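Working notes for the structure below.
2 protein chains.
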Amino acid sequence: MISIKTCNICNSNCQGFDGVSCIHNIPLLSSLNNNELNDISQGVVTREFKKGEYIFKTGDKADRLYIVCSGKMKIYNSFADGREQIFYIYGSGDFIGAFNLLKEDEYKYNGEALEDTVISTLTKSKFDEIAIKSPTITLKILEKAYERIRHAEDLVDRLSSTNANSKVARLLLKLIQSFGTKEGNSIVLNLSINREEMGSYAGISRETMTRKLIYFSELGLIKLEGNKKIIIKNMDKLKELL
Amino acid sequence: MISIKTCNICNSNCQGFDGVSCIHNIPLLSSLNNNELNDISQGVVTREFKKGEYIFKTGDKADRLYIVCSGKMKIYNSFADGREQIFYIYGSGDFIGAFNLLKEDEYKYNGEALEDTVISTLTKSKFDEIAIKSPTITLKILEKAYERIRHAEDLVDRLSSTNANSKVARLLLKLIQSFGTKEGNSIVLNLSINREEMGSYAGISRETMTRKLIYFSELGLIKLEGNKKIIIKNMDKLKELL
DNA sequence: TTAAAAATGTGACCTGTATCACTGCATAAA
DNA sequence: TTTATGCAGTGATACAGGTCACATTTTTAA
Numbered sequence: 001m002i003s004i005k006t007c008n009i010c011n012s013n014c015q016g017f018d019g020v021s022c023i024h025n026i027p028l029l030s031s032l033n034n035n036e037l038n039d040i041s042q043g044v045v046t047r048e049f050k051k052g053e054y055i056f057k058t059g060d061k062a063d064r065l066y067i068v069c070s071g072k073m074k075i076y077n078s079f080a081d082g083r084e085q086i087f088y089i090y091g092s093g094d095f096i097g098a099f100n101l102l103k104e105d106e107y108k109y110n111g112e113a114l115e116d117t118v119i120s121t122l123t124k125s126k127f128d129e130i131a132i133k134s135p136t137i138t139l140k141i142l143e144k145a146y147e148r149i150r151h152a153e154d155l156v157d158r159l160s161s162t163n164a165n166s167k168v169a170r171l172l173l174k175l176i177q178s179f180g181t182k183e184g185n186s187i188v189l190n191l192s193i194n195r196e197e198m199g200s201y202a203g204i205s206r207e208t209m210t211r212k213l214i215y216f217s218e219l220g221l222i223k224l225e226g227n228k229k230i231i232i233k234n235m236d237k238l239k240e241l242l
Numbered sequence: 001m002i003s004i005k006t007c008n009i010c011n012s013n014c015q016g017f018d019g020v021s022c023i024h025n026i027p028l029l030s031s032l033n034n035n036e037l038n039d040i041s042q043g044v045v046t047r048e049f050k051k052g053e054y055i056f057k058t059g060d061k062a063d064r065l066y067i068v069c070s071g072k073m074k075i076y077n078s079f080a081d082g083r084e085q086i087f088y089i090y091g092s093g094d095f096i097g098a099f100n101l102l103k104e105d106e107y108k109y110n111g112e113a114l115e116d117t118v119i120s121t122l123t124k125s126k127f128d129e130i131a132i133k134s135p136t137i138t139l140k141i142l143e144k145a146y147e148r149i150r151h152a153e154d155l156v157d158r159l160s161s162t163n164a165n166s167k168v169a170r171l172l173l174k175l176i177q178s179f180g181t182k183e184g185n186s187i188v189l190n191l192s193i194n195r196e197e198m199g200s201y202a203g204i205s206r207e208t209m210t211r212k213l214i215y216f217s218e219l220g221l222i223k224l225e226g227n228k229k230i231i232i233k234n235m236d237k238l239k240e241l242l
């Protein structure tokens with residue numbers, strides 16, 4: 001289901017969606033002047049992707065830049081045997097495809113909505129052209145590139161851990177860092193991924209993830225509330241498992 | 001053993017080492033004008049690190065930028081149990097520590113010379129100051145950041161492979177891509193790492209690496225010549241193992 | 001509200017690879 | 001040359017976690 005609407009916040013031709021993704025609200029582009037914004041907005045398309053819908057697939061030509069306006073998506077690799085390896089989970093403000101300025105490339109992994117997600121896409125050639133002339137944007141992209149390197153290295157840390165306990169502990173800490181919220185004394189994780197996906201983000205099977213989470217909650221490190229909520233009870237002991 | 005000499009190529013105060021690392025020869029800095037080069041050269045120290053010598057360690061303050069002039073080094077993480085995970089192998093022209101422009105940080109992993117290696121270091125604050133004003137340098141850094149993301153993602157691909165065969169095949173292809181040379185019809189790998197390090201770059205043990213390499217050579221995919229040379233006999237079949 | 005589908009939990013089993021312990025080889029030092 | 005030291009090869013063994021099969025619970029759709 002594709003839904004393209006004219007933005008109802010600004011009065012320019014920004015191709016926003018329900019106001020959420022008006023390009024004047026995209027942090028990456030906030031330093032541009034009106035001329036540049038107008039120029040870019042010609043190539044902007046904003047739409048909602050339903051949970052489970054592909055945003056792009058491995059091998060797709062990377063000629064569009066994706067900016068997450070709301071919701072969450074995962075970037076992952078599919079194996080022949082059906083397994084998958086999640087690389088990144090992106091939320092509001094994150095963008096994909098801006099690091100290869102002026103370089104042709106294709107997406108190496110799949111992008112898929114984890115929940116109903118609004119995404120703006122812009123023509124990469126147009127974006128590149130403007131970005132390369134704007135030191136502010138270049139620096140912002142570099143800043144994000146650095147974050148992404150760190151993120152990928154974190155994933156390597158997780159995958160190279162000796163045992164499943166350590167992988168799960170590392171995953172939880174990563175998720176806390178990215179999506180954790182404070183509720184009173186404790187830290188709460190409201191997950192948008194299921195056990196299978198947690199496993200594939202940590203490099204273990206669904207079953208092992210289930211067992212380890214139960215084990216952690218028996219140890220009093222966490223408390224499981226339903227399938228989509230984890231309350232962290234003992235951060236220090238969790239860190240000891242690394 | 002520290003050896004600092006004045007560059008014998010250029011006549012400026014560039015702090016080069018045996019001429020090899022004269023900062024006028026560093027690709028990253030090639031777009032700077034003479035004023036900027038002179039400015040940066042104040043903070044340049046070039047020295048040789050002997051094989052096995054640490055260049056930096058986990059936790060070291062990242063207040064210097066490292067540029068490899070000649071030789072090879074590895075970036076790796078040490079585990080409590082003595083195992084290590086290699087992240088990157090860098091050679092001539094590669095640099096470390098330039099991605100976090102104007103941001104304080106510390107090195108997350110160890111850097112160690114794989115062979116006798118000449119390295120120039122420059123004061124990061126001075127470099128940042130100049131780099132951030134030079135769009136050409138910023139773009140060069142971004143380009144390298146993109147490579148590094150790809151590199152880290154490659155490593156994830158390797159580590160997330162199902163079985164050891166696939167890990168070894170991926171490692172070989174990676175090494176070919178980075179360091180492979182053509183000799184006649186076949187592609188040759190002159191390694192600067194031992195079996196243990198190959199294992200730690202692929203996410204398997206030394207023994208498994210040994211066994212798999214022998215297995216591959218029995219299959220006729222490769223030919224082992226001593227411990228530091230591998231000749232690729234059948235690239236296509238190697239790729240099939242992914 | 002009910003039916004169907006998807007996600008999770010759980011026991012039993014199996015297997016690939018880590019680990020250990022040792023031998024042989026090659027390179028460097030004495 | 002001989003001796004020492006580190007690296008590589010190899011067989012035996014153990015076990016963590018993958019895989020399978022099915023029960024149970026939760027979510028979604030009808």
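Chains A and B are the protein sequences, given in the same order.
Numbered by full-length UniProt numbering, the letters in the first sequence go through residues 1 to 242 in order.
Numbered by full-length UniProt numbering, the letters in the second sequence go through residues 1 to 242 in order.
Backbone N, C-alpha and C fix where the C-beta goes; we use that ideal spot for every residue, glycine too.
Note that this is a predicted model, so its numbers are computed, not measured.
Beyond the five residues adjoining it in sequence on each side, K237 of chain B comes within less than 6 Å, by CB distance, of L221 in the same chain, given in chain order. Only T138, L139, I141, L142, A145, Y146, R148, I149, A152, E153 and L155 from the stretch 137-155 of chain B bring a Cβ to less than 7 Å from some Cβ of chain A.
By a beta-carbon distance limit of 8 Å, L159 of chain B does not contact L175 of chain B. Their separation comes to about 16 Å.
Where A131 of chain A is concerned, the enclosing alpha helix (DSSP H) starts and stops at K124 to A131.
Of all alpha-carbon atoms in B:H151, B:Y90, B:I230 and B:E106, the one lying nearest the alpha-carbon of L114 of chain B is that of B:Y90. Residue state for T181 of chain B is assigned as strand, using DSSP reduced to three classes. In the three-state DSSP reduction, S186 of chain A falls in the strand class (E or B). Considering only beta carbons, the part of the UniProt domain "HTH crp-type" (162-236) of chain A lying closer than 7 Å to chain B consists of T162 and G203, in chain order.
In the DSSP assignment, R64 of chain B falls outside any alpha helix (DSSP H) and lies within the beta strand (DSSP E) extending over R64 to S70. Only residues of its own chain outside the window of five on either side were considered, and among them V68 and S70 have a CB closer than 6 Å to the CB of S92 of chain B, listed in chain order.
The three-state reading of DSSP puts V44 of chain A in coil, since its state is none of H, G, I, E or B. In this structure, the beta-carbon distance from D154 of chain A to N77 of chain B does not fall below 8 Å. By the Cβ rule, the stretch 59-66 of chain A does not count as touching the stretch 140-148 of chain B, because fewer than three pairs are nearer than 8 Å.
Under the three-pair Cβ rule at 8 Å, the stretch 199-207 of chain A does not count as touching the stretch 35-52 of chain B.
Nearest in C-alpha terms to E53 of chain B, of all of B:D116, B:E106, B:L28 and B:L32, is B:D116.
Neighbourhood of P135 of chain B in chain A, by CB distance below 7 Å: P135 and T138, in chain order. Contact between the stretch 122-129 of chain A and the stretch 115-132 of chain B is absent, with fewer than three C-beta pairs closer than 8 Å.
Among the residues facing chain A, F56 of chain B is not included, as its CB has no counterpart in that chain under 8 Å away.
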